[in-house]
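Peer 1: Residues -16 to 292 in the working numbering are what the sequence shown lists, from first letter to last.
Every residue gets a Cβ at the ideal spot worked out from N, C-alpha and C, and that includes glycine.
In this text, all values refer to a predicted model and were calculated from it rather than measured experimentally.
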Amino acid sequence: MSTLVEARALSKSFGKTRAVQGISLTVAAGEAYGLVGPDGAGKTTAIRLLIGALTPDAGSVELCGINLATDPDKARSSAGYLAQRFALYTDLTVQENLAFFAAVRGMPPGAVQARITELLGFVNLAGFENRLAGQLSGGMKQKLGLACAIVHAPTVLLLDEPTAGVDPVTRQDFWQLLIRLLAGGMALVVTTTYMDEAARCQRLGFMHSGRMLTTGSPRALTQAFDGAVLELTAAPLKQARRICMQDEDLVEAVTFGDRLHLRVRSAAGPLQRLPAALAAAAVTVTQLRPIAPTLEDVFIALLAAPPTP
Ligand SMILES: Nc1ncnc2c1ncn2[C@@H]1O[C@H](COP(=O)(O)OP(=O)(O)O)[C@@H](O)[C@H]1O
Ligand SMILES: [Mg+2]
-16 MSTLVEARAL SKSFGKTRAV QGISLTVAAG EAYGLVGPDG AGKTTAIRLL IGALTPDAGS
44 VELCGINLAT DPDKARSSAG YLAQRFALYT DLTVQENLAF FAAVRGMPPG AVQARITELL
104 GFVNLAGFEN RLAGQLSGGM KQKLGLACAI VHAPTVLLLD EPTAGVDPVT RQDFWQLLIR
164 LLAGGMALVV TTTYMDEAAR CQRLGFMHSG RMLTTGSPRA LTQAFDGAVL ELTAAPLKQA
224 RRICMQDEDL VEAVTFGDRL HLRVRSAAGP LQRLPAALAA AAVTVTQLRP IAPTLEDVFI
284 ALLAAPPTP
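(1) Taking 7 angstroms as the cut-off, is the beta-carbon of residue 156 closer than that to any non-hydrogen atom of ligand 1?
(2) For residue 112, I'd like the list of residues in its chain whose CB is within less than 7 angstroms of its CB, leaving aside the five on either flank, ordered along the chain.
(3) Considering only the alpha carbon of each residue, which of 176, 169, 98 lies closest to residue 146?
(4) Grab the span of the beta strand (DSSP E) containing residue -3 for me, first residue to last.
(5) Given this structure, state the Cα-to-Cα distance separating residue 12 from residue 168, to the nearest angstrom.
(6) Report yes if the C-beta distance between residue 33 and residue -10 is below 8 angstroms; otherwise report no.
(7) According to DSSP, simplified to helix, strand and coil, what is residue 96?
(8) May I have a chain-ordered list of the beta strand (DSSP E) segments no shorter than 3 residues that lie completely inside the segment 14 to 72?
(9) Check whether the Cβ of residue 379 sits closer than 7 angstroms to any heavy atom of ligand 2, and report yes or no.
(10) Please look up how many angstroms separate the CB atoms of residue 250 and residue 211, rounded, as I've assumed it's under 8 angstroms.
(11) To which residues of the same chain is residue 143 closer than 6 angstroms at the C-beta, ignoring the five residues directly before and after it?
(12) Any chance the segment 10 to 25 sits against the segment 203 to 218, with 3 or more Cβ pairs inside 8 angstroms?
(13) For residue 74, does the count of other Cβ atoms within 10 angstroms reach 16, so buried, or fall short, so exposed?
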């Protein structure tokens, strides 16, 4: 597999804020690399360094084997970028937005219309050519944003929280497009705060305070998870949580809708003790069972106790 994105030891500070501290990543053709982390972790800064919108204080980036510092135009010509708060021209139509980005990307005028027609089909906006971008639904704007980012058929695509604030069905739709691009051999770097999206990536990097805390496939990360998780469905939940927190093997209790995920040092003790303790506190237990940890469990645990540098 050919490496299309290679970042080595990237660092960037803004004044005293060390936004990105020595992160490295490689992404091969057909691979999605997910950058995950809380607000302020440095995800946007990392993406902006990868596309060359920011100059790193240290480190290097190669896109399709071309060094971004020494040959920026050529390196960037093979990459598409969708910013976190990307701006479509709301008073231009769908067609006009695409034509504008095609021109910015220096596409030969003769090739533009065929490419626009192809893209409209790809993102399912055929028939909406003449609608003003400002009058599209959130999901359609997202898809138009994607179409604009790939108008020049890049082989590397950098997406910064492309589906933030979009409903789950639309997110699912959007990912179907990304999966097709990946199948075509594109390398994707995507930042997200949604774990269902993170789970779709071949590789994840979890960032916190500018550092890469851990990397690996979603499967490897959940398998390396330290400890066990019990799922407790009970009522009232708040009371249940209070009782569980008193168990000597309990590390953390996180609420997921109508249930708790209990991270425990080992499952056996709590499985034995908790039913009686909860019953004594008048908590009705519907179910208490060990479950496989989810990515969300992994990341919440990492955030609760980030490895010390
Ligand atoms: N242009 C900038 N000037 C000053 N500080 C910045 C700038 N961009 C980002 N930062 C700071 O760098 C840190 C990382 O920000 P950012 O990369 O936007 O994180 P994320 O995308 O993960 O939320 C934050 O503390 C943020 O305030
Ligand atoms: Mg960001």
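Peer 2: Looking at the atomic coordinates:
(1) The answer is no for residue 156.
(2) 76, 77, 78, 103
(3) Relative to residue 146, the option among 176, 169, 98 whose CA is nearest is 176.
(4) -14 to -3
(5) 5 angstroms
(6) yes
(7) helix
(8) 15 to 19, 41 to 46, 62 to 65
(9) With the chain covering -16 to 292 only, the question about residue 379 has no answer from this structure.
(10) Rounded to the nearest angstrom, the Cβ distance from residue 250 to residue 211 is 4 angstroms, consistent with a contact under 8 angstroms.
(11) 27, 30, 66, 67, 174
(12) With the rule of 3 Cβ pairs closer than 8 angstroms, the segment 10 to 25 does not count as touching the segment 203 to 218.
(13) exposed
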